[in-house]
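Working notes for the structure below.
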RNA sequence: UGGGGCGUCGCCAAGUGGUAAGGCAACGGGUUUUGGUCCCGUCAUUCCUAGGUUCGAUCCCUAGCGCCCCAGCCA
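In this note's numbering, the protein residues as written are 10 to 568.
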């Protein structure tokens, strides 16, 4: 992981607690609700929690906050574990489920009732909302607020036994209906639900709420630092209240930080779920999705995601990070390790007129100029070649270094190539280039001091494999779909229609035909690509992970 | 005149009274058999605003302004 000093206010708190002896060892936790797939925002939290535990020699638990059976599913508990592991983190033996604490949680609730700090409320959801008051007006006490302890105990017992219909009663903490903090206006801590829980089945008819469950789960596990996002700041007084009222093993400190936002995408679980269920994308692992599984399929290396999370920092100010920053992190790690390969996305035929028909020459190509240890591979050269259509212009614009009539370029690792003639079809489309090579430039070196400005990638026509290539762009056309939505636009209408471009007839080096899903390459001069599981032995499929920086595109755009 | 937070370069983000780190982006230049990588340079006299305290304030005080979150029997 990154060497540079990662220091932020949470690390500072941890360091102080360790230095002061408040804690001998820190314990953090990543507490997802299994109601969707993890996304890059979760990755920030995962890196933070597991990262802190790793750096300060503590431990980090993976705990599923599964208290709402109506939205949760085992599919998600599985995908979440897969994703956390893939990111490079290990919870060891510390895998927990809030649902495993249901019995103890129930006992805690009973204890609260005994203390006169909780009561069974008969208000309907609508009435409860009315009694709650508003942001600027205090709430009114529930008619059941002063119900006797024994009656509360009996009623709660009967709630548990399933004697009452869903929604008919709740257990509420008795705190302060006039509090400016609405979370403290006698919050519901248990509700009646008939849903089947993915782990406890139909054993329970009542389910604890987040505010009651989370702090107690933390305490039961001996968590020292309970790190969550900003929107829970208002819940901290309640977190502390519950732990102060009950006899618990310890009282973790809740610390809030700003969640990650990325531009040109959405991070809301609801929207991501909707994109998946309405088939606006191919699934949770669609390479355009900001999900961990999407990024994995796209080809983002896990270490680049970790580096990104490390670099963006941790603070309390809401912020939106440019997705290009993530892409820069991906390029950085891929540049070091990805083997280079020739691939032609949009082929244009070149016939080398002074190269004998049928002659094949094997040239030596380094696998990675950044890493000599990666070795070399033989590259066949022949009379007929493919080059990138975009690497030829009949009328070259200013500063165009590539091929044009009469110009000379270098074929990477091969020869200097000169364009002698342009062949067009009836419609005027260029279909073939008649060229010559300079035999004295084998390997791509001219020994007469002659320089060439452009270097092109290429493939021998009869010695390459077909491949499908999928090019991706931002999921949305606007940087901030949320802002547009506030102006009345449906975020779905902001989806980028060009976010996926399928190129069915690309050409790649023969060796890539056997690439395994997940294998990553740099297609020289173009970008980084990753073999997709959709590929077949005869026809591999490559996802563009991210393009290389393109100085020429910039020049051309300016002109 | 409900409560809780936050405001430092286009985007992140250090800084905790001694005179504005770093990364990304951008721009200029060098190297280069990827117009990639790499290297060098430029890029906030200014820290939301206005007052005040101080020899000195992004950091302290006061008053404003702006933005985010909260009225689920979601998490």
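Here a beta-carbon is modelled for each residue, glycine too, at the ideal position from N, C-alpha and C.
Residue i - containing alpha helix (DSSP H), residue span
i: residue 60; result: 49-64
i: residue 343; result: 332-346
i: residue 286; result: 278-286
i: residue 246; result: 245-254
i: residue 87; result: 83-96
i: residue 161; result: 158-169
i: residue 313; result: 311-321
i: residue 302; result: 301-307
i: residue 140; result: 134-141
i: residue 396; result: Counting along the chain, residue 396 falls outside any alpha helix (DSSP H), though it belongs to the beta strand (DSSP E) covering 393-397.
i: residue 468; result: Looking at the DSSP string, residue 468 is not in any alpha helix (DSSP H); the run it does join, the beta strand (DSSP E), is 467-469.
i: residue 440; result: Residue 440 -> not in any alpha helix (DSSP H); beta strand (DSSP E) instead, spanning 439-447.
i: residue 25; result: 18-28
i: residue 565; result: 560-567
Nearest neighbour of residue i, chosen from the options [CA to CA]
i: residue 452; options: 349, 420, 494; result: 420
i: residue 78; options: 61, 446, 200; result: 200
i: residue 413; options: 422, 406, 401; result: 401
i: residue 169; options: 193, 129, 182, 140; result: 129
i: residue 266; options: 562, 307, 568, 58; result: 58
i: residue 507; options: 485, 119, 23, 565; result: 485
i: residue 180; options: 194, 189, 74; result: 194
i: residue 408; options: 502, 263, 560; result: 560
i: residue 209; options: 108, 175, 144; result: 108
i: residue 147; options: 545, 102, 187; result: 187
i: residue 535; options: 517, 261, 282; result: 517
i: residue 247; options: 221, 566, 37, 269; result: 221
i: residue 135; options: 95, 166, 504, 177; result: 177
i: residue 392; options: 423, 35, 470, 428; result: 470
i: residue 356; options: 513, 230, 553; result: 513
i: residue 524; options: 226, 361, 542, 403; result: 542
i: residue 369; options: 390, 544, 403, 305; result: 390
i: residue 279; options: 45, 521, 497; result: 45
i: residue 416; options: 433, 64, 386, 460; result: 460
i: residue 540; options: 305, 334, 499; result: 305
i: residue 404; options: 191, 431, 292; result: 431
i: residue 521; options: 224, 145, 386; result: 386
i: residue 245; options: 223, 505, 553, 212; result: 223
Integer-rounded CB distance, given that residue j should sit under 8 Å from residue i
i: residue 332; j: residue 250; result: About 40 Å; that fails the 8 Å criterion.
i: residue 81; j: residue 42; result: 7 Å
i: residue 219; j: residue 74; result: 7 Å
i: residue 121; j: residue 254; result: 6 Å
i: residue 531; j: residue 354; result: The Cβ separation is near 14 Å, so there is no contact.
i: residue 162; j: residue 197; result: Not quite, the Cβ-Cβ distance comes to about 18 Å (not below 8 Å), so this is no contact.
i: residue 330; j: residue 271; result: 6 Å
i: residue 94; j: residue 230; result: At roughly 20 Å, the Cβ-Cβ gap does not stay under 8 Å, so residue 94 and residue 230 are not in contact.
Terminal residues of the beta strand (DSSP E) in which residue i lies
i: residue 114; result: Segment 111-123 is the alpha helix (DSSP H) holding residue 114; no beta strand (DSSP E) there.
i: residue 556; result: 550-556
i: residue 427; result: 425-433
i: residue 259; result: From DSSP, residue 259 is part of no beta strand (DSSP E); its letter is neither H nor E.
i: residue 373; result: 370-375
i: residue 514; result: 509-518
i: residue 358; result: 356-361
i: residue 530; result: 529-532
i: residue 236; result: 234-238
i: residue 536; result: 536-540
i: residue 37; result: 36-39
i: residue 275; result: Taken as a continuous stretch (DSSP letters only), residue 275 belongs to no beta strand (DSSP E), as it is neither H nor E.
i: residue 127; result: 127-130
i: residue 76; result: Premise fails: residue 76 is in no beta strand (DSSP E) and is neither H nor E.
i: residue 104; result: 104-106
Flag this pair as touching only if the region 106-115 and the region 56-70 have three or more C-beta atom pairs under 8 Å; answer yes or no. no
Would you be able to state if there are at least three C-beta pairs under 8 Å between the region 299-308 and the region 35-53? yes
Do the region 312-320 and the region 338-350 meet, that is, are 3 or more Cβ pairs less than 8 Å apart? yes
Does the region 463-475 come close enough to the region 381-400 that 3 or more CB-CB pairs lie under 8 Å? yes
Complete alpha helix (DSSP H) runs within the region 185-230 (minimum length 4 residues, chain order): 219-229
For the structure I just gave you, are there three or more beta carbon pairs, one from the region 471-487 and one from the region 441-459, closer than 8 Å? no
Three-pair Cβ contact test at 8 Å for the region 53-62 versus the region 224-242: yes
For the region 485-498 against the region 266-283, do three or more pairs of beta-carbon atoms, one drawn from each stretch, fall closer than 8 Å, so that the two count as touching? yes
Touch test, the region 542-549 against the region 363-374, Cβ-Cβ under 8 Å, three pairs minimum: no
Contact between the region 346-354 and the region 372-379 is defined here as three or more beta-carbon pairs at a separation below 8 Å; is this criterion met? yes
Counting Cβ pairs closer than 8 Å, one from the region 151-168 and one from the region 129-140, do we hit at least three? yes
In the region 459-498, which residue ranges form an unbroken alpha helix (DSSP H) of at least 4 residues, counting only runs that do not cross its ends? 490-495
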